[in-house]
Each structure stands twice: as structure tokens, then as C-alpha cells.
Amino acid sequence: MSVTRPPSPARKATRAGAPQAPQDPAVRPVRRGDLDSIVALDARVTGLEKRAYWGSLYRRYGASMRAERQFLVADAGGRVVGFIIGEVRDWEFGAAPCGWVFAIDVHPDARLAGTGARLLAAICAGFRRAGVAKVRTMLSRDNNLVLSFFRSQGMMTGPFIPLEMDLDALPRDPAAGPAR
Ligand SMILES: CC(C)(COP(=O)(O)OP(=O)(O)OC[C@H]1O[C@@H](n2cnc3c(N)ncnc32)[C@H](O)[C@@H]1OP(=O)(O)O)[C@@H](O)C(=O)NCCC(=O)NCCS
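Everything in the sequence shown is counted per our numbering, starting at 957 for the first residue and increasing by one.
Written out as C-alpha cells, the structure reads:
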């Protein structure tokens, strides 16, 4: 993907590299004190509150000092209005090390102002610093909003296809004993 393509005149002046307006949120690493806002933002977007999950992500990605793991927030004057999480994964699916973005959310009140693009640009800059040259993500095929966003940033269909099946369709593991 490329987040460095020249912005078209129609694209907002808030893209990475463009001067920020004073009211533009700053992108910074997450802090423990951001967790309540993140839990609330995710609950608003997904309809599910997952406090333990976000605490665990904070410990794995936020508190990590490794450049390969990033948990960034968009901070608008002390209010968290968005976040992005990703990491560099080595040789998964046989692919050379690359950055994976696995969560992005911008508060509904703060959308369409360049915040998502700024978060993505920041995590991509971090991936570059970590030494990789590619970023990937995965999304639900009916999430047109997120698809439009990633496409607008230059991401395109990659060389992998996702596969899945229900484990109930498999014969039970004989070593697990009889089904109860
Ligand atoms: C996708 C999302 C992160 C975009 O954040 P944002 O701050 O509004 O995005 P930006 O303002 O930076 O928009 C960048 C580009 O994305 C595209 N885009 C964003 N929202 C769009 C929309 N509603 N319709 C069409 N295109 C859109 C546009 O091309 C836009 O560029 P433009 O404003 O110059 O036209 C935000 O809408 C969101 O959090 N959605 C819910 C995410 C979600 O479901 N997360 C859970 C799974 S990880």
C-alpha cells in the first residue's frame, strides 16, 4: 500500500505531512488513562463493551516499548477521538515481515476530518521505522465504510485469501474423549 501518494486537490489539507490546523488531533502513543475513552468508543461503534479485552491489548501493545507494536490515539485537546493498533509480524502466512493494522476507530462525532488518515499515516511511519515496507489489514467484506477508507488511502486487494470453517464440522478429537 502507499499512504505517501500525493494528495489530490480534493483531499483535505490534514493529511500526513500537511501542516496541522490548531484544532487537529495529535497522534500519540496510548496511555493507561486513555483506556476508559477507548472502551467507550469501541462500545459505541460495535455495541459491545469489552473492558478486559482492551486492558489486555493495552498491556500487549500500549505498554510495549518495541517499535514493532503500536497502539496510537488521536488526542483532541485531551479528548481521545480515535485509535489505531497494529504490529509487525514476521513470516506469517509465508510472507516477509510486514505491518498489520488490526483495529481502527474514529469517534462518530470526529469523522471526515482527516483523523483516520492521520492515524494510518502515523502507524505506517512506525512500521517503516521498524524496517518493513508493506502494510496489510483485513476487514469484513460488508464494511463498506472501512473499505472506502482504506481504499482512499491507497490500499488494494492483496495476494492472500481468507479461509474458515466451523470447528463443529470436524470430527471430534478422539483424544478428547467422548462428547458430553
Ligand atoms: C473508517 C474510519 C476510521 C475513517 O475515519 P475518518 O477520520 O472519518 O477518516 P478520514 O476523515 O481520514 O477520511 C479519509 C478518507 O476515507 C474515506 N472515507 C471516510 N469516511 C467515508 C465515508 N463515510 N464514506 C466514504 N468514504 C469515506 C474518504 O475518501 C476520506 O477522504 P476525503 O475526506 O478526502 O474524501 C471511521 O469512519 C471509523 O472509525 N469507522 C468505524 C470503524 C470500524 O468499524 N471499526 C471496527 C473494525 S476495525
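All C-beta atoms in this analysis are idealised placements derived from N, C-alpha and C, irrespective of residue type, glycine included.
All values derive from a computational prediction rather than experimental measurement.
Of the choices the options, whose alpha-carbon is the least far from that of residue i?
i	options	result
Thr-1093	Pro-985, Met-1121, Asp-1124, Gln-1109	Gln-1109
Arg-1025	Arg-1128, Met-1111, Arg-1107, Ile-1079	Ile-1079
Arg-1045	Pro-1064, His-1063, Asp-1065, Ala-1023	Ala-1023
Arg-988	Gly-1011, Ala-999, Leu-997	Gly-1011
Tyr-1009	His-1063, Gly-1033, Val-995	Val-995
Ala-1052	Asp-980, Val-1062, Gly-1087, Gly-1033	Gly-1087
Tyr-1014	Ser-1104, Gly-1082, Ala-1032, Ser-993	Ser-993
Gly-1033	Asp-1124, Ala-1089, Asp-980	Asp-980
Pro-1118	Pro-1127, Leu-1095, Ser-1104	Leu-1095
Ser-1104	Arg-1000, Ala-1073, Leu-997	Ala-1073
Between residue i and residue j, what straight-line distance do the alpha-carbon atoms span, to the nearest angstrom?
i	j	result
Trp-1047	Val-1091	13 Å
Cys-1054	Phe-1116	13 Å
Gly-1003	Ala-1030	21 Å
Leu-1028	Asp-990	10 Å
Leu-1076	Asp-1129	42 Å
Met-1112	Val-1102	13 Å
Gly-1114	Arg-1097	14 Å
Asn-1099	Arg-1107	12 Å
Gly-1018	Val-986	6 Å
Glu-1120	Arg-984	35 Å
Ala-982	Gly-1050	36 Å
Val-1062	Thr-1071	7 Å
Arg-961	Glu-1005	Because Arg-961 sits at a pLDDT of 43, beneath the cut-off of 50, its placement in the model cannot be relied upon, and the following sentence gives the value as read from the coordinates. Taking the straight line from one Cα to the other gives about 37 Å.
Phe-1083	Ser-1020	15 Å
Arg-1035	Arg-1007	19 Å
Ala-1069	Val-1037	11 Å
Between which two residues does the alpha helix (DSSP H) carrying residue i extend?
i	result
Arg-1035	Unbroken run through Arg-1035 is the beta strand (DSSP E), 1035-1045; no alpha helix (DSSP H).
Asp-1129	Taken as a continuous stretch (DSSP letters only), Asp-1129 belongs to no alpha helix (DSSP H), as it is neither H nor E.
Phe-1058	It is not in any alpha helix (DSSP H) - Phe-1058 instead sits in the beta strand (DSSP E) that spans 1054-1062.
Grab the span of the beta strand (DSSP E) containing residue i for me, first residue to last.
i	result
Ala-1030	1025-1032
Thr-1093	1091-1093
Ala-982	982-985
Ile-1081	Here the sequence assigns Ala to residue 1081, which means Ile is not the residue at that position. Unbroken run through Ala-1081 is the alpha helix (DSSP H), 1071-1085; no beta strand (DSSP E).
Taking 7 Å as the line, does the beta carbon of residue i fall inside it for any heavy atom of ligand 3?
i	result
Ile-1060	No copy of ligand 3 occurs in the structure displayed; its ligands are ligand 1 alone.
Would you say the region 1057-1070 touches the region 1037-1044, given that touching needs at least three Cβ pairs under 8 Å? yes
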